[in-house]
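Peer 1: Residue numbers (the numbering used here): 1369 to 1505.
Right, here's the structure in full:
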């Protein structure tokens, strides 16, 4: 990752990442930045050749992300509503890109929760590998 890098999307993930999902995105690996606060997930994603930015949700927020990265959109794969809320808040403060939250319909969380925090869209899915349309031009 170099200073001022432009990405098509920055994708925040903090849960287990399906290898089929990463394999489907491999051809676009230069235009996608993954963001995570889990060291093991960072290691796994890096093995596929993607750029990964480590975001420590428990530390003081720094502006390193805003200084180094420009993304056309932010996609947050929700694994935990507290972590995704912190991520939405972080991206809202440090980017102007629209934020899309992708979540599973296991527990209903009113859309107003994500919208109030700053998400532009909330998408419910049972299969994370079926959301590649979010990366289309």
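The C-beta atom is built at its ideal place from N, Cα and C for all residues, glycine as well. Model, not experiment: these values are computed from the prediction.
Among the residues of its own chain, which have a CB less than 7 Å from the CB of residue 1399, if the five just before and after it don't count?
Peer 2: Cβ within range, chain order: 1375, 1376.
Peer 1: Whole beta strand (DSSP E) runs in the stretch 1401-1434 with 3 or more residues, listed along the chain?
Peer 2: Correct list: 1419-1422.
Peer 1: Rounded to the nearest angstrom, what separates residue 1451 and residue 1482 at their Cα positions?
Peer 2: Cα-Cα distance, rounded: 12 Å.
Peer 1: Would residue 1427 and residue 1403 be called neighbours here (beta carbons separated by less than 8 Å)?
Peer 2: The answer is no: Cβ separation not under 8 Å.
Peer 1: Which of helix, strand or coil does DSSP assign to residue 1464?
Peer 2: Coil, per DSSP.
Peer 1: Could you give the distance in angstroms between the alpha-carbon of residue 1461 and the alpha-carbon of residue 1418?
Peer 2: So the two alpha carbons sit approximately 24 Å from each other.
Peer 1: Can you tell me the Cα-Cα spacing of residue 1384 and residue 1412, whole angstroms?
Peer 2: So the alpha carbons of these two residues sit roughly 10 Å apart.
Peer 1: Tell me, please, which residues DSSP counts as bridged to residue 1459.
Peer 2: According to DSSP, which records beta bridges pairwise, residue 1459 is partnered with nothing at all.
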